[in-house]
Each structure stands twice: as structure tokens, then as C-alpha cells.
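Engineer:
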Amino acid sequence: MSEAVFGALLHQAMLLSVGIALLWAIHRSTQRRLGAGATYAAWLLLPALLLAPALPRPAQEPLRVVLQAAGRLAMPALPTLPAPATSTSGLWLALWLAGTGFFVGLQTQRQWRLDRLGVRLPAGSSPALVGLLRPHVALPADFEQRFSPAERELILAHEQVHRARLDNLWNLLACALTALHWWNPLAWWAARRMRADQELACDAAVLAARPQARTDYTRALLAAHDLTPHAAPLASCWGTAHPLVERIAMLNRPLPLNRRRALAVATAVSLTTALAYAAESPPAVDGGYVQLHVQLENNLGSTRSRVATDVAIPIGKLTKLELPDAKSEPIWISLLTSKTPRDDVKFHAEITRGEPAVQWGSTILNPAWGTITRIEMSRSGSEEKVVLELTPTRVPADFQPPKNTF
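Mind the numbering: the sequence shown is residues 1 to 406 in UniProt numbering, read in order.
#1: Does the segment 260-270 come within contact of the segment 31-41, defined as at least 3 CB pairs closer than 8 Å?
#2: Exposed or buried, which one is V265 when buried takes at least 16 other CB atoms within 10 Å?
#3: So, at 8 Å on beta carbons, what are the nonlocal neighbours of G124 in its own chain, with the 5 sequence-adjacent residues on each side left out?
#4: If you draw a straight line from the C-alpha of D398 to the C-alpha of L10, how long is it?
#5: Determine the contact status of T309 and V294, defining contact as a CB-CB distance below 7 Å.
#6: CB G37 to CB A204, shorter than 7 Å?
#7: Here's the rule: buried if 16 or more other CB atoms are within 10 angstroms of the residue's CB, otherwise exposed. What is residue 407?
#8: Can you tell me whether DSSP reads S236 as helix, strand or coil?
#9: Would you decide whether H181 is buried or exposed? Buried here means 16 or more other CB atoms lie within 10 Å of its CB.
#10: Helix, strand or coil, according to DSSP, for Q107 in the structure here?
#11: For the alpha helix (DSSP H) containing H158, list its first residue and its last residue.
#12: Taking Cβ to Cβ, would you say A13 is nearer than 7 Å to A276?
#13: To the nearest angstrom, how far is it from the Cα of R193 to the Cα of E199?
#14: Locate the beta strand (DSSP E) running through R134, then write down its first and last residues.
#15: When we look at the beta-carbon of F147 and count the other beta-carbons within 10 Å, is it buried (16 or more) or exposed?
#16: Please report the straight-line C-alpha distance between T393 and L95, rounded to a whole angstrom.
#17: What's the call for F102, buried or exposed, on a 16-neighbour Cβ count within 10 Å?
#18: Inspect the beta-carbon positions of A128 and H230 and report whether they are closer than 7 Å.
#19: When you compare only the Cα positions, how much space is there between A8 and A54?
#20: Here's the rule: buried if 16 or more other CB atoms are within 10 angstroms of the residue's CB, otherwise exposed. What is I351?
#21: Given a threshold of 16 other Cβ atoms within 10 Å of its Cβ, counted over all protein chains shown, does A164 qualify as buried or as exposed?
#22: For a test of the three-state rule: what should DSSP assign to L388, helix, strand or coil?
#23: Between S126 and the rest of its own chain, which residues show a CB-CB distance below 6 Å, the 5 nearest in sequence each way excluded?
#24: Give me the Cβ distance between L46 and L16, rounded to the nearest whole Å; I'm assuming they're in contact under 8 Å.
#25: Have a look at the DSSP bridge pairing and note the partners of V130.
#26: Where does S29 land, buried or exposed, given buried means 16+ other C-beta within 10 angstroms?
#27: Excluding the five sequence neighbours on either side, which residues of its own chain have a C-beta within less than 6 Å of the C-beta of R374, listed in chain order?
#28: Quickly, what does DSSP pair S29 with across the bridge? List them, please.
#29: Assign T273 to buried or exposed, taking buried as 16 or more other Cβ atoms, counted over all protein chains shown, within 10 Å of its Cβ.
#30: Which word fits N258, buried or exposed, when buried means at least 16 other C-beta atoms lie within 10 angstroms of its C-beta?
#31: Whose C-alpha, out of D115, N252, I372 and N184, is nearest the C-alpha of V18?
#32: Can you find the residues in the same chain that come closer than 6 Å, C-beta to C-beta, to G288, ignoring five residues on each side of it along the sequence?
The structure is reproduced here in C-alpha cells:
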């Protein structure tokens with residue numbers, strides 16, 4: 001169980017890193033050509049990539065092959081099989097989740113400290129949109145003294161854009177991804193860059209509605225240079241948590257998010273997600289076969305069953321090998337075979353037992369042609385063991401697929 005969870009987290013980390021690297025590579029050109037709004041919208045690529053593996057796929061009917069037992073031996077006692085190698089995935093998973101728990105606790109405390117202040121913040125604080133389900137604009141005690149009426153109107157309009165765009169919810173998603181990938185420096189960079197792009201997008205939206213207010217907007221940014229930003233993860237702040245020079249420079253070339261730019265971003269995100277979905281899909285059946293020598297030894301209590309047979313299985317199609325003679329707990333071996341760039345084969349193997357089926361273990365094998373790969377699995381607290389040996393060999397070019405009945 002821990003191996004499967006740890007493997008899924010690593011896979012998600014790989015997708016996240018690829019997505020962040022792609023956004024980093026196109027960030028400057030996107031900001032220059034499409035504007036701040038489109039650059040902020042491009043961050044939708046990350047959740048889209050992470051959700052791609054979970055999208056539904058066409059059901060694949062497995063090829064079922066029934067194996068007959070070669071022999072059954074009644075034994076008073078069973079010889080001890082070598083213990084399988086101890087996996088460290090459980091330890092790494094515990095460390096990963098401990099870091100996530102610490103990060104979540106720290107951010108929750110920071111958010112609680114800001115929420116309990118209500119709508120009035122200490123003097124010298126940055127105006128902010130606070131809250132999750134019912135966000136409200138919180139203002140510092142010296143808000144009216146620090147900013148002119150025109151500047152106050154622009155700041156409030158800026159925070160209203162945050163609320164209309166549900167930026168507090170997007171901040172929550174960014175915080176959750178950073179918590180889950182706390183060890184990944186790319187995740188930290190992405191969180192900071194996304195928040196900066198969020199502010200730039202709000203600036204552009206406000207100026208698109210008030211193009212004559214550029215001077216007052218610049219003065220409001222300069223007046224906030226010494227405000228104290230908030231560390232709360234959900235707050236959208238007006239203050240100096242983001243590069244002031246970059247924000248002022250954007251005011252000279254604001255490009256609001258119009259339909260054309262939004263369509264360009266949506267197309268790019270959709271195409272990238274489609275590529276990720278295709279990459280996650282099982283390999284298609286290419287008509288090739290691999291000859292596989294299968295040997296299975298099953299120890300159930302005082303009874304041992306052995307199966308040894310040759311079977312031709314298609315490459316790219318799920319094959320289920322069934323051992324029906326284990327009356328108390330039938331055994332299934334699920335194999336998905338694929339070719340590698342080195343022209344050998346890779347097996348995704350899973351062993352399940354019982355009704356309903358309970359997974360005993362799963363692994364990925366990449367044996368060389370003609371070599372034996374041995375898998376040993378045992379149930380915790382029991383002497384019952386399953387030993388599987390696989391030996392792949394090539395089939396001739398003129399090979400005719402057999403019916404695979406044994």
C-alpha cells in the first residue's frame with residue numbers, strides 16, 4: 001500500500017516539475033506578448049496536468065489465460081523461502097507526509113492569526129482580501145491617512161478583482177500543492193511566481209477599466225512601499241510582497257485578458273493536457289508477442305502447488321494468468337507488457353488473491369531476454385508465500401499467435 005501511494009506521489013511530483021519548467025520557459029514571452037492576465041491564467045496548466053492521469057480511459061478487456069497445476073505436494077512443513085528485500089518506501093512516505101503536516105500546521109496558524117483580526121488591521125499593514133468562503137477586504141487603521149481618496153478607490157477596486165476572480169481559492173490550491181511538494185524547490189518558486197502574476201493580472205484589470213487612473217495607481221503603489229505584508233496563505237495583499245518595479249513597469253504596457261488571449265491560453269492548456277493524457281495511456285497493441293516461461297509456486301498452509309508452462313502474450317494488452325486450483329484463495333497474475341527503446345520488454349506485474357481480490361503486491365520488471373526474474377511475496381504474520389518466476393524470450397518474425405489454452 002505504501003509503495004503504491006509513494007509511487008503515485010512521485011509521479012505527481014514529476015508531472016508538477018515538468019509543468020513548472022514549461023511555464024518558466026515561456027513566462028517572459030507570454031507576459032510580453034499576451035499580457036499579465038493571460039500569464040496568470042496559464043497557471044491553470046498545473047492542476048490540469050496533475051488531473052490528467054485521473055481522467056477516464058476506455059476499458060481494456062484483459063486476455064485471460066488459465067494455467068493448470070503441474071503438481072501438488074502434501075507436506076507436513078514448508079521450507080523457508082528467502083525473505084523479500086525490505087522496501088524503504090514506507091519510511092520515505094512517512095517523512096514526506098510529516099513534512100506536509102508540518103507545513104499545513106504552520107500555514108493554518110498564520111491564516112488563523114490574520115482571520116481573527118477581522119476587518120481592521122494594525123496600522124502599517126497592507127490592505128488584503130481575507131477569508132475563504134466569505135472573503136472580505138480588511139484595511140489597516142491608517143488607511144485613510146496614508147492614501148488619497150483616488151488611491152483608496154483604486155486599492156478597493158484591486159481587492160474586488162481578487163474577490164471576483166476567486167483568487168483566495170486559487171491561493172488555497174497553490175498552498176495545498178506547495179504543502180504536498182514541500183521538498184521540491186520548483187514548487188516554492190511556482191507559488192511565489194503565481195502570486196506575483198496574480199497581482200499583475202489584477203493591476204491590469206483595474207487599469208483596463210480605468211485607463212486614466214495610471215498616475216494615481218502608481219502613487220498608490222509607491223505609498224505602499226513600506227507596508228507590512230501578511231504571511232497568511234489565502235490573503236491577497238496590496239503591499240510589497242511582490243516586485244514593486246515589475247508592477248510599475250507593467251502599468252506602462254497593460255494588456256487586459258480579452259477573448260483572443262483567453263482562447264490562446266485555453267488552447268495551450270488543453271493541448272498540453274491532451275499530450276499528458278496520451279502519455280499516461282497504456283501502450284497500444286502493436287501486434288507483437290513475447291514468449292514467456294511462467295513458473296509459479298504457491299504455499300498455502302500445508303499444501304504447495306506448482307505451475308510451469310510457456311505462454312505467448314501480446315505486447316501492449318493486459319493479460320491475466322489465472323491459477324484455479326488454489327481452492328481457498330484463487331490467484332491472478334496481471335501482466336501488462338511494453339517494449340522499451342532498447343528493444344527489450346518491460347512487465348507491469350500484479351499478483352492478487354482471494355474473492356474479492358486482494359493485492360499481494362505489484363512491481364515493474366525489465367528483464368533481459370532469456371534471463372529469469374524471481375518475485376517472492378508473503379502475507380504479513382503468515383508463512384504463506386507466493387513465488388513467481390518469469391523468463392521472456394523472443395518469438396520468430398513469422399510467429400502465429402496460439403490460442404493460449406492449457
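No residue lacks a Cβ here, since even glycine has one placed at the ideal position from N, Cα and C. Bear in mind the structure is a predicted one, so any value in this text is a computation, not a measurement.
Structural biologist: Taking the coordinates as given:
#1: Enough Cβ pairs lie closer than 8 Å, so yes.
#2: Buried is the call here.
#3: Exclusion of the five residues before and after G124 leaves P140, D142, D226, L227 and T228 as the residues of its chain whose Cβ lies within less than 8 Å of its Cβ.
#4: Spanning the two alpha carbons is a distance of roughly 41 Å.
#5: Cβ atoms of T309 and V294: closer than 7 Å.
#6: In contact: G37 and A204 (Cβ atoms closer than 7 Å).
#7: A query on residue 407 cannot be resolved here, the shown segment of the chain reaching from 1 to 406 and no further.
#8: Looking at S236 - three-state DSSP - the assignment turns out to be strand.
#9: That one is buried.
#10: If DSSP states are grouped into helix, strand and coil, Q107 belongs with the helices.
#11: Note, H158: alpha helix (DSSP H), P149 to A164.
#12: Contact annotation: A13 and A276 have beta-carbon atoms that are not nearer than 7 Å.
#13: The C-alpha of R193 lies about 10 Å from the C-alpha of E199.
#14: No residue range can be given for R134, since it is assigned to no beta strand (DSSP E) and is classified by DSSP as neither H nor E.
#15: Residue burial annotation: F147 is buried, with at least 16 other C-beta atoms found within 10 angstroms of its C-beta.
#16: Distance between the alpha carbons of T393 and L95: 41 Å.
#17: It is exposed - the Cβ of F102 has fewer than 16 other Cβ atoms within 10 Å.
#18: Yes.
#19: If you take the alpha carbons of A8 and A54, they lie about 11 Å apart.
#20: Label assigned to I351: buried.
#21: Burial call: exposed.
#22: In the structure shown, L388 adopts extended strand secondary structure according to DSSP, grouped into three states.
#23: Same-chain partners within the cutoff: L227, P229, C237, W238 and G239.
#24: Rounded, the Cβ-Cβ distance is 6 Å, consistent with contact.
#25: Beta-bridge pairing links V130 to H136.
#26: A residue is called buried when at least 16 other Cβ atoms come within 10 angstroms of its Cβ; S29 does not meet this threshold and is exposed.
#27: Result list for R374: E389, in chain order.
#28: Answer is none; S29 lacks a bridge partner.
#29: Looking at its Cβ environment, which holds 16 or more other Cβ atoms inside 10 Å, T273 is buried.
#30: Flag for N258 reads exposed.
#31: The shortest C-alpha separation from V18 is found at N184.
#32: For G288, same chain residues with a beta-carbon under 6 Å away, outside a window of 5 residues either side, are I315 in chain order.
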